[in-house]
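A.B. asks: According to the numbering used here, the sequence shown is numbered sequentially starting from 1.
Note that beta-carbon positions come from the ideal geometry of N, C-alpha and C, so glycine has one too.
Please read all numbers here as calculations on a predicted model, not as lab measurements.
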Amino acid sequence: MNKIFDTAKKAGLDGFMLALLTMILLAWLWPYPGMKDSPLPLSEISTIAVSIIFFFYGLRLSPEKLRAGLVNWKLHVMVHLSTFVLFPLLALAFRPLFKSDDSQTLWLAIFFLTALPSTVSSSVVMVSIAKGNIPAAIFNASISSLIGVFLTPLWMGLVMDAGTGHAGPGHFDLLSVVGKLSLQVLLPVCAGIALNKRWGPFAERYKKYIRYFDQFSILLIVYTSFCESFGEHLFSSLGLKEIVFLGIGMLSLFFGIYFLLTFISNLLHFNHEDRITAVFCGSKKSLVQGAVMSKVLFPGAQAGLMLLPIMIYHALQLIAASIIAQRMARLNEEERIIN
């Protein structure tokens, strides 16, 4: 059990998750500093911090690693189809179960989760623990973040309609959203990649401190988002029962995708290392990207509610994936000893 907690800690499930819950509690108790009429420019600060996050992310991503990852194209196609097609289609299939206006808003938040790209750090950590294809994991998780700049807004533009209380497709300015995300995410990443040879070793040397900066920025985004939501009483329709059912639904979504990817990987005759990479990279969703995109797609009070499913999914995916990764590592070691 200690190994499972250690693995989850490496992937981000440690004091950071406790800090996230603290930020939500603080937003509930003291929402004024994060609201629009506050004199503190917390929203603007978090926007700048996000660009810095992705600049350092690009700084640690060498062009050589990206080129090396292009070889295993079947694995990459499968991972990205799972991330950007299979996940959203599953959410669309369950949409008829959400009939009221309040439940439609919750469904939109769940759909937003399913349209997000895969996470980078936890995917690579889990693949490493389970002895999978690490270069392929780095490639898939990295490319997923870049693809998400375009595909996530496209999916959201297709489903947001007047019935959900949000702007309809005719009012959803896709070019504007993609433009903002390109400036906040894509441009800093490309700038970081361009400077990789010169400043990459520096980023690797201080990656621990860079990670602290990343986490602080996400905490700031979560706080400001939930301040607006609590201020507008958007959570009044959600009780403990709804939160519990949402958690059960998120865990079911993770295992449903995980077992489906395992089946498809066996069907495609992937080797053992590629199967591990496929199931871990294809079943993850990025809290970082969710926090960033919620600021652009759902300005104001809606952002906090839209972040709720991804925050729950993020915590549960780390717990479940760490248990699975430890089990895979143990089975691999036993098989190595027998052989």
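1. Ends of the alpha helix (DSSP H) at TYR258?
2. Can you look up MET23 in the DSSP assignment and give me helix, strand or coil?
3. Report buried or exposed for VAL77, applying the criterion of at least 16 other Cβ atoms within 10 angstroms of its Cβ.
4. If you drop the 5 nearest sequence neighbours on each side, which residues of the same chain put their C-beta closer than 6 Å to that of THR119?
5. Is the beta carbon of ALA329 less than 8 Å from the beta carbon of ILE129?
6. Do PHE54 and VAL345 have their beta-carbon atoms positioned less than 8 Å apart in this structure?
7. Looking only at C-alpha atoms, which of ILE143, ILE257 and LEU61 sits nearest to LYS197?
8. Over what stretch of residues does the alpha helix (DSSP H) that includes ASN196 continue unbroken?
9. Within 10 angstroms of its Cβ, does ILE324 collect 16 or more other Cβ (buried), or is it exposed?
10. Can you tell me whether SER123 is buried or exposed, with buried defined as 16 or more other CB within 10 angstroms of its CB?
11. Using a Cβ-Cβ cut-off of 8 Å (strictly less than) and excluding sequence neighbours within five positions of LEU75, which residues of its own chain qualify?
12. Is there contact here, the stretch 33-52 with the stretch 204-219, by at least three beta-carbon pairs under 8 Å?
13. In the DSSP assignment, the alpha helix (DSSP H) including GLN104 goes from what residue to what residue?
14. Thinking C-alpha only, which one of ILE310, GLY200 and PHE259 is nearest GLY247?
15. Using the three-state DSSP reduction, which class does TRP155 fall into: helix, strand or coil?
16. Just to confirm my understanding: we take THR59, look at its own chain, exclude 5 residues before and 5 after, and list those with CB closer than 7 Å. What are they?
17. Contact defined as beta carbons within less than 8 Å: I believe SER182 pairs with VAL149. What is the distance between those atoms, to the nearest angstrom?
C.D. replies: On the basis of the supplied data:
1. In the sequence shown, the residue the question calls residue 258 occupies position 258. Where TYR258 is concerned, the enclosing alpha helix (DSSP H) stretches over 240-267.
2. To locate residue 23, count along the sequence shown from 1; it is residue 23. In the three-state reduction of the DSSP assignment, MET23 falls in the helix class.
3. Sequence index remark: in the sequence shown, residue 77 carries index 77 (1-based). Burial call: exposed.
4. By one-based count along the sequence shown, residue 119 stands at place 119. Here the set comprises LYS284 and SER286.
5. Position 329 of the sequence shown, counting from 1, holds the residue named residue 329. Position 129 of the sequence shown, counting from 1, holds the residue named residue 129. Against a cut-off of 8 Å, the Cβ pair of ILE129 and ALA329 comes out as a contact.
6. Coverage of the chain is limited to positions 1 through 339, which leaves residue 345 absent and any answer about it impossible.
7. Position 197 of the sequence shown, counting from 1, holds the residue named residue 197. When ILE143, ILE257 and LEU61 are compared, the shortest CA-CA separation from LYS197 is found for LEU61.
8. On the sequence shown, position 196 is the one that residue 196 refers to. Per DSSP, ASN196 belongs to the alpha helix (DSSP H) from 196-205.
9. Position 324 of the sequence shown, counting from 1, holds the residue named residue 324. Buried, since its Cβ has 16 or more Cβ neighbours within 10 Å.
10. The residue labelled residue 123 in the question sits at position 123 within the sequence shown. It is buried - the Cβ of SER123 has at least 16 other Cβ atoms within 10 Å.
11. Numbered from its first residue, the sequence shown carries residue 75 at position 75. Answer for LEU75: ASN133, ALA136, ASN140, PHE270, ASP274, THR277 and ALA278, listed in chain order.
12. Contact between the stretch 33-52 and the stretch 204-219 is established, with three or more Cβ pairs separated by less than 8 Å.
13. Position 104 of the sequence shown holds residue 104. Here the alpha helix (DSSP H) through GLN104 covers 101-115.
14. By one-based count along the sequence shown, residue 247 stands at place 247. Check the Cα spacing between GLY247 and each of ILE310, GLY200 and PHE259: the tightest is with ILE310.
15. Mapped onto the sequence shown, residue 155 falls at position 155. DSSP places TRP155 in helix when its eight states are reduced to three.
16. Counting from one through the sequence shown, the residue named residue 59 turns up at place 59. Per the sequence shown, residue 59 should be read as Leu rather than Thr. The beta carbon of LEU59 sits closer than 7 Å to the beta carbons of GLY192, LEU195, ASN196, TRP199, GLY200 and ALA203 from its chain, once the five residues preceding and following it are set aside; these are given in chain order.
17. The count along the sequence shown starts at 1 and reaches residue 182 at position 182. The count along the sequence shown starts at 1 and reaches residue 149 at position 149. Yes, they are in contact, since the Cβ atoms of SER182 and VAL149 sit about 6 Å apart, within 8 Å.
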